[in-house]
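Input: a single structure, listed below in structure tokens.
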Amino acid sequence: MIKLIFLEKEIEKDIIIKRIEKLGLKIDKIMIERIENCYNTFRKQYNAECLLDKFLSKYDPIVLLITNKDIYANNLNFVFGLAYPYRGCIVSFYRLKSENEEIYKERIEKEITHELGHVFGLKHCFYPCVMAFSNSIYEVDIKSKDFCYNCFKTFKRNIETLKSFP
Numbered sequence: 004m005i006k007l008i009f010l011e012k013e014i015e016k017d018i019i020i021k022r023i024e025k026l027g028l029k030i031d032k033i034m035i036e037r038i039e040n041c042y043n044t045f046r047k048q049y050n051a052e053c054l055l056d057k058f059l060s061k062y063d064p065i066v067l068l069i070t071n072k073d074i075y076a077n078n079l080n081f082v083f084g085l086a087y088p089y090r091g092c093i094v095s096f097y098r099l100k101s102e103n104e105e106i107y108k109e110r111i112e113k114e115i116t117h118e119l120g121h122v123f124g125l126k127h128c129f130y131p132c133v134m135a136f137s138n139s140i141y142e143v144d145i146k147s148k149d150f151c152y153n154c155f156k157t158f159k160r161n162i163e164t165l166k167s168f169p
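Counting with our numbering, you get residues 4 to 169 for the letters of the sequence shown.
Okay, here's the thing in structure tokens:
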């Protein structure tokens, strides 16, 4: 169901794969691809929309791109990730880093879950669940790594609906 694409070789894969499986999703294919273009030399960042568009035109949905590079979208200074509903998402670990390995892993889990939530039709949530909007690392840290009841119910329903299509 999900094409997992790592944009660098050095990324820790186990935590990502475990989180995807915990969400009840199946990984269709795992690949390592090179980043070409999409770099904004003025900003010294990669354009998340450009990267997503590039890989979505190459692979059928659903695509999950993982990178250690700094990314941005639109006029935002940076994004932790970006998703296109029912198509795919990108998650950057660049701003999630921490001296504490457990905090770093939890941040990764949260952002992967958050962006996949958007892919499967969820909006930002007013509860402090994983779907709460995060504009800073502090906001990532204070939210739960799991869906609230309502988000979980919608997430599961949307996955089941997608599975019913050929």
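Beta carbons are placed, not taken as given, at the ideal position from N, Cα and C, and that holds for glycine. Please read all numbers here as calculations on a predicted model, not as lab measurements.
- Taken through DSSP and simplified to helix, strand or coil, D56 comes out as helix.
- A straight line joining the alpha-carbon of K159 with that of K126 spans about 14 Å.
- Beta-bridge annotation (DSSP): L67 is paired with L7 and C92.
- Counting along the chain, the unbroken alpha helix (DSSP H) around I18 starts and ends at D17 to K25.
- Separation of the CB atoms of I23 and I38 is rounded to 21 Å, and the pair is thereby denied contact status at 8 Å.
- V122 is a Cβ neighbour of Y87, given a cutoff of 9 Å.
- Secondary structure at D73: coil, using DSSP grouped into helix, strand and coil.
- Taking 8 Å as the upper bound for CB-CB distance, F96 and I74 are not in contact here, some 10 Å apart.
- Two segments are said to touch when three or more pairs of C-beta atoms, one from each, lie closer than 8 Å; by this definition the stretch 6-15 does not touch the stretch 99-106.
- DSSP places Y87 inside the beta strand (DSSP E), whose first and last residues are G84 to Y87.
- From the listed residues D31, H117 and E52, the smallest Cα separation to N40 is found for E52.
- The beta carbon of R46 sits closer than 8 Å to those of Y75, all from its chain and outside the five residues before and after it, given in chain order.
- D144 sits in a helix when the DSSP states are folded into three classes.
- Where Y107 is concerned, the enclosing alpha helix (DSSP H) starts and stops at E104 to V122.
- Residue nearest to V143 within the set L165, N161 and T116 is T116 (criterion: CA-CA distance).
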